[in-house]
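Below: one structure, written as structure tokens.
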Amino acid sequence: MSKVIKVTKEESLEYHEGGKIGIDILKPCDTARDLSMAYTPGVAYPCRDIANDTELAFKYTNKNNLVAVISDGSAVLGLGDIGALASKPVMEGKSVLFKVFAGVDAYDIELDESDPDKIVEICRALAPTFGGINLEDIKAPKCFEIEKRLQELVDIPVMHDDQHGTAIITSAGLINALELSKKDISNMKIVVVGAGAAGIACAKMYKLLGAKNIVMVDSKGIIHSKREDLNSYKKEFAIDTSDRSLEDAMVGADMFLGLSAPKIVSKEMVASMNKNPIIFALSNPVPEVSPELVKEVRDDVMMGTGRSDYPNQVNNVLGFPFIFRGALDVRAKKITEGMKMAAAKALAELAKETVPTYVKEAYGGENLEFGYDYIIPKPFDRRVLPSVATAVARAAIEDGVARVSESFNIDAYRSKLEWQIEKEKR
3 MSKVIKVTKE ESLEYHEGGK IGIDILKPCD TARDLSMAYT PGVAYPCRDI ANDTELAFKY
63 TNKNNLVAVI SDGSAVLGLG DIGALASKPV MEGKSVLFKV FAGVDAYDIE LDESDPDKIV
123 EICRALAPTF GGINLEDIKA PKCFEIEKRL QELVDIPVMH DDQHGTAIIT SAGLINALEL
183 SKKDISNMKI VVVGAGAAGI ACAKMYKLLG AKNIVMVDSK GIIHSKREDL NSYKKEFAID
243 TSDRSLEDAM VGADMFLGLS APKIVSKEMV ASMNKNPIIF ALSNPVPEVS PELVKEVRDD
303 VMMGTGRSDY PNQVNNVLGF PFIFRGALDV RAKKITEGMK MAAAKALAEL AKETVPTYVK
363 EAYGGENLEF GYDYIIPKPF DRRVLPSVAT AVARAAIEDG VARVSESFNI DAYRSKLEWQ
423 IEKEKR
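Residues in the sequence shown are numbered from 3 upward in steps of one, following my numbering.
Laid out in structure tokens, this is it:
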């Protein structure tokens with residue numbers, strides 16, 4: 003188990019003081035001529051060209067590498083509805099991760115607005131500035147509607163990471179867990195606890211992988227067909243069953259996905275699961291059930307958490323920077339289901355490759371190799387960039403949402419990304 007990293011309040015406040023992101027000027031502006039190029043009169047040339055052909059904005063502005071991180075602060079991490087301004091440190095942090103992991107420029111926009119219609123309209127009006135929009139920490143169910151309607155109105159990719167990031171990373175882990183356990187997903191009983199944005203998105207992605215028996219549980223128990231308190235998104239997963247509790251659901255389960263609350267799963271529940279079960283307990287920092295407790299009752303479990311000090315960390319940073327990297331580089335108009343699945347499969351494949359020494363050193367010299375304790379790559383594995391970004395770019399082209407020309411060379415693109423990470427290592 004990795005070392006637990008403890009952060010004090012004083013250290014954290016000092017780190018965040020003054021903000022975490024700024025603006026980096028990419029072109030010189032040291033002389034009168036530079037000034038004339040950067041602003042008037044020289045700037046008129048690209049303005050006129052873009053007015054005649056809007057696609058040139060990707061060539062003559064930073065639109066080709068700029069993502070908006072937008073939130074209303076209504077569902078921030080484990081902090082809940084803390085409001086737009088209080089969410090700003092988190093959104094700045096998200097922007098940092100975009101830049102550090104994938105070289106994507108991102109800027110945070112916190113909206114003091116809770117009306118979904120107005121949020122959609124604000125984002126639509128802002129869209130010309132950006133090459134993509136990352137919606138963040140917006141509570142369910144309004145996040146579903148905002149993402150769907152906004153994507154219909156704009157021609158740049160929109161993704162609510164709280165939904166799709168977790169779905170993509172857990173799907174990658176699930177793909178490898180199926181291989182190791184020799185389970186058939188179509189015959190599995192999958193229990194999803196937490197029917198919010200992430201839980202519903204995960205369940206939908208598991209369906210695409212072939213899952214047919216998904217039991218979803220919210221704070222009131224199993225989502226069954228006789229309940230009258232379900233919104234349209236939960237109704238999709240309502241099942242005919244006499245079972246009502248989480249304890250009932252866990253009996254014979256092949257997989258447990260937790261996106262809910264700490265310590266809600268008992269040893270007895272774990273013991274009642276099917277052989278070779280898969281457990282992703284993602285409540286953070288305290289999981290729904292700890293790996294230590296699981297090991298007390300059985301030794302055939304493949305388990306992941308949201309924590310870095312346990313094996314198989316489900317960390318969204320394995321997804322969103324590289325998904326947007328690939329989408330931006332082919333000038334995608336949207337992020338398709340095919341692009342998300344391509345990202346998941348790329349991560350799954352990467353976990354099977356030999357882990358570089360620098361990754362093992364970053365995690366205290368752990369012996370990382372494909373198996374029960376390593377089914378998801380580590381965030382600091384630089385190979386995630388070329389693997390995922392290339393898979394996403396290829397899927398965007400195949401799905402017909404990329405603006406790049408037919409001459410775009412996907413193999414050369416991957417080689418370019420691999421060269422970039424080699425350059426960084428030196």
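Glycine residues also receive a C-beta, built at the ideal position from the N, C-alpha and C atoms.
For residue i, the three-state DSSP class (helix, strand or coil)
{"i": "Phe-410", "result": "coil"}
{"i": "Asn-178", "result": "helix"}
{"i": "Gly-373", "result": "strand"}
{"i": "Leu-99", "result": "helix"}
{"i": "Lys-120", "result": "helix"}
{"i": "Gly-340", "result": "helix"}
{"i": "Gly-223", "result": "strand"}
{"i": "Ala-331", "result": "First, the amino acid is wrong: residue 331 is Asp here, not Ala. In this structure, Asp-331 counts as helix in the three-state DSSP scheme."}
{"i": "Ile-266", "result": "coil"}
{"i": "Ile-325", "result": "helix"}
{"i": "Ile-241", "result": "strand"}
For residue i: DSSP bridge partner residues
{"i": "Glu-112", "result": "Ser-73"}
{"i": "Lys-297", "result": "Answer by DSSP bridge pairing: none, since Lys-297 is not bridged."}
{"i": "Asn-136", "result": "Val-71 and Met-161"}
{"i": "Met-218", "result": "Val-194"}
{"i": "Val-78", "result": "Gly-82"}
{"i": "Asp-107", "result": "Leu-68"}
{"i": "Gln-422", "result": "DSSP output for Gln-422 lists no bridge partner at all."}
Residue i to residue j span [Cα, whole Å]
{"i": "Tyr-312", "j": "Cys-31", "result": "49 Å"}
{"i": "Lys-362", "j": "Glu-371", "result": "10 Å"}
{"i": "Arg-300", "j": "Val-156", "result": "50 Å"}
{"i": "Leu-176", "j": "Ile-121", "result": "34 Å"}
{"i": "Lys-209", "j": "Gly-201", "result": "12 Å"}
{"i": "Met-341", "j": "Tyr-360", "result": "29 Å"}
{"i": "Glu-123", "j": "Asp-55", "result": "24 Å"}
{"i": "His-226", "j": "Gly-198", "result": "16 Å"}
{"i": "Ile-135", "j": "Pro-159", "result": "6 Å"}
{"i": "Pro-264", "j": "Arg-309", "result": "13 Å"}
{"i": "Ala-108", "j": "Thr-63", "result": "14 Å"}
{"i": "Ala-46", "j": "Ala-348", "result": "43 Å"}
{"i": "Cys-125", "j": "Asn-317", "result": "26 Å"}
{"i": "Lys-96", "j": "Glu-115", "result": "20 Å"}
{"i": "Pro-379", "j": "Thr-356", "result": "11 Å"}
{"i": "Ser-183", "j": "Lys-22", "result": "43 Å"}
{"i": "Thr-243", "j": "Glu-249", "result": "14 Å"}
{"i": "Asp-163", "j": "Arg-246", "result": "30 Å"}
{"i": "Val-92", "j": "Leu-261", "result": "19 Å"}
{"i": "Ala-88", "j": "Glu-19", "result": "14 Å"}
{"i": "Gly-196", "j": "Glu-290", "result": "11 Å"}
{"i": "Leu-37", "j": "Arg-50", "result": "19 Å"}
{"i": "Arg-327", "j": "Ser-268", "result": "41 Å"}
{"i": "Asp-383", "j": "Gly-44", "result": "43 Å"}
{"i": "Gly-212", "j": "Ala-344", "result": "15 Å"}
Boundaries (first-last residue) of the alpha helix (DSSP H) holding residue i
{"i": "Met-2", "result": "Residue 2 cannot be examined here, being either before or after the span of the chain that is shown, 3 to 428."}
{"i": "Asn-54", "result": "46-54"}
{"i": "Leu-259", "result": "Element bounds for Leu-259: not the alpha helix (DSSP H) but the beta strand (DSSP E), 257-260."}
{"i": "Ala-404", "result": "Counting along the chain, Ala-404 falls outside any alpha helix (DSSP H), and DSSP gives it neither H nor E."}
{"i": "Met-39", "result": "34-40"}
{"i": "Leu-210", "result": "199-211"}
{"i": "Arg-151", "result": "144-155"}
{"i": "Phe-60", "result": "59-62"}
{"i": "Ser-14", "result": "11-18"}
{"i": "Gly-364", "result": "According to the sequence shown, residue 364 is Ala rather than Gly. Taken as a continuous stretch (DSSP letters only), the alpha helix (DSSP H) holding Ala-364 covers 359-364."}
Range covered by the beta strand (DSSP E) that runs through residue i
{"i": "Gly-306", "result": "304-307"}
{"i": "Phe-282", "result": "280-283"}
Rounded Cβ spacing between residue i and residue j (contact assumed at less than 8 Å)
{"i": "Leu-259", "j": "Cys-204", "result": "6 Å"}
{"i": "Ala-346", "j": "Ser-73", "result": "Between Ser-73 and Ala-346 the Cβ distance is about 24 Å, and since that is not below 8 Å, they are no contact."}
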